[in-house]
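Structure follows, in structure tokens:
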């Protein structure tokens, strides 16, 4: 059995859209420095701090002394829908409309609604490196384990005492079924483009297809990384941006035009899955690095057994998971793994298919997109 500590932060929105944060409860084993770090994430204001409250928000970020934080944002609610809001600006529409105000620069009209008086709680789970490794360094796996244990409960008022959690980790280094679903529901082209954006940018906002959760996409991304690289990918599932707590992958399930505005205001790259037709041609002038290209090929080929073997072998060969790794080292690793792959033609074993259309047609159309993108990244004309 392994121990996971907890911290609960209460955040209050005050006049002017700024925030104050304080510790509502914490288990005895949490370092003071880690508590101060989490409080800092939600203190102060600024046009770059945005939080979306119409969905539960899960975020992941390392802490100063080597532990990891997995946070769940809840908010006090008396049954009256509250608007999505951004620090520094009032909002136009209630939650059901999934509206978003990007910043105080005037891109979206500021209305009379004031956010002053809104409060919410953030439950943060503190995971040690040894426990994190027992989950193959996959924060989504940790969160789902906590969810199954009924530890992810909404906080509506301060707690007198907070106890640590005892869990029994189930390590799965590479979940092949997640990868199969990823290809079927998202397609290999969009995932490879998302991967490249994560490698190239400080922050990527990604907007999944309407029927898809951000957490599912992120779970797939972690299963497409060797475990020694996984702790370097910070994320939020539903739009939590802060200059104090920068995140690499930020999910957003709102409207497409609002996602564009948010990316422009925050300086992030935007990967909108709706721009990728899962059945026809991918965007032209695509430039993929070695790792993203390998991801595209693995997902397109359905070569999941090879991928699982390489991920597990890499985990066994790494003695020190705490050693600093550079994400750009993935490109060198991709070249090595590519040499190990058996030579065979591309066969789409699992692809997206539209409701009401045959799987054969989905395969044929998806293959057209994959072949063109592979030809382009190889510098050869598509046949």
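In our numbering, the protein residues as written are 9 to 391. Ideal Cβ positions, reconstructed from N, Cα and C, are used throughout, including at glycine.
### residue 140 - containing alpha helix (DSSP H), residue span
137-142
### Message
What ranges does the alpha helix (DSSP H) occupy inside the stretch 180-218, keeping only unbroken runs of at least 4 residues that lie completely in it?
### Response
184-193, 196-208
### Message
With DSSP as the reference, identify every bridge partner of residue 15, one or two as the case may be.
### Response
34, 132
### Query
From residue 400 to residue 39, what distance separates their C-alpha atoms?
Nothing can be reported for residue 400, as the shown portion of the chain is limited to 9 through 391.
### Query
Alpha carbon to alpha carbon, how far is residue 265 from residue 10?
44 Å
### Task
Report the rounded CA-to-CA distance for residue 185 versus residue 254, giving the unit in angstroms.
31 Å
### Task
Give the range of the alpha helix (DSSP H) segment to which residue 323 is assigned.
312-325
### Given residue 48 as reference, the closest of 30, 199, 64 once Cα atoms are compared
30
### 8 Å Cβ shell around residue 153 - same chain, five flanking residues per side excluded
143, 175, 177, 178
### Query
How would you write the range of the beta strand (DSSP E) that residue 259 sits in, first residue to last?
257-259
### Residues of its chain near residue 28, where Cβ-Cβ distance is below 8 Å and the 5 sequence neighbours each way are ignored
19, 20, 22, 51
### Message
Given this structure, state the Cα-to-Cα distance separating residue 304 from residue 256, to the nearest angstrom.
### Response
21 Å
### Task
Apply the 10 Å Cβ neighbour rule to residue 275 and answer buried if 16 or more other Cβ atoms are within range, or exposed otherwise.
exposed
### DSSP three-state assignment for residue 103, whether helix, strand or coil
Per-residue confidence for residue 103 stands at a pLDDT of 26, beneath the threshold of 50, marking its modelled position as unreliable; the derived number appears in the next sentence. It is helical.
### Query
What are the boundary residues of the alpha helix (DSSP H) that includes residue 70?
Here residue 70 belongs to no alpha helix (DSSP H); instead the beta strand (DSSP E) covers 65-70.
### Query
Under a three-way DSSP split, which group does residue 170 fall into?
coil
### Message
Taking the straight line between their C-alpha atoms, what separation do you get for residue 55 and residue 127?
### Response
Because the pLDDT at residue 55 is just 39, under 50, the model does not fix this residue reliably, and the value given afterwards should be weighed accordingly. Those two C-alpha atoms are separated by around 19 Å.
#### Entry: Cβ pair residue 342, residue 234 closer than 8 Å
no
### Message
DSSP three-state label for residue 42, please.
### Response
helix
### Query
Ends of the beta strand (DSSP E) at residue 241?
It is not in any beta strand (DSSP E) - residue 241 carries neither H nor E in the DSSP assignment.
### Query
Which residues in the same chain as residue 300 place their Cβ atom closer than 8 Å to its Cβ, once the five residues preceding and following it in sequence are excluded?
200, 201, 203, 204, 207
#### Entry: Spatial distance of residue 169 from residue 36 (CA atoms)
10 Å
### Query
Any idea if residue 151 is buried or exposed, counting beta-carbon neighbours within 10 angstroms, 16 or more meaning buried?
buried
### Message
Taking the alpha helix (DSSP H) that residue 154 belongs to, which residues open and close that run?
### Response
147-156
### Message
With H, G and I counted as helix, E and B as strand and the rest as coil, what does DSSP make of residue 277?
### Response
strand
### Message
I need the straight-line Cα distance from residue 193 to residue 336, nearest angstrom please.
### Response
28 Å
### Task
Could you check what DSSP says for residue 303 in three-state terms: helix, strand or coil?
helix
### Task
Would you please state the rounded distance, in angstroms, between the beta carbons of residue 267 and residue 167? I believe it to be under 8 Å.
36 Å between Cβ atoms; not a contact.
### Query
Between residue 115 and the rest of its own chain, which residues show a CB-CB distance below 7 Å, the 5 nearest in sequence each way excluded?
Model confidence at residue 115 stands at a pLDDT of 29, short of 50, so the residue's coordinates are unreliable; what they give is reported in the following sentence. Counting only Cβ-Cβ distances below 7 Å, and skipping sequence neighbours, we find 269, 273.
### Task
Please check the pair residue 227 and residue 148, which I expect to be a contact at CB under 8 Å, by giving their CB distance rounded to whole angstroms.
4 Å
### Task
Tell me whether residue 245 is buried or exposed, calling it buried when 16 or more other Cβ atoms sit within 10 Å of its Cβ.
buried
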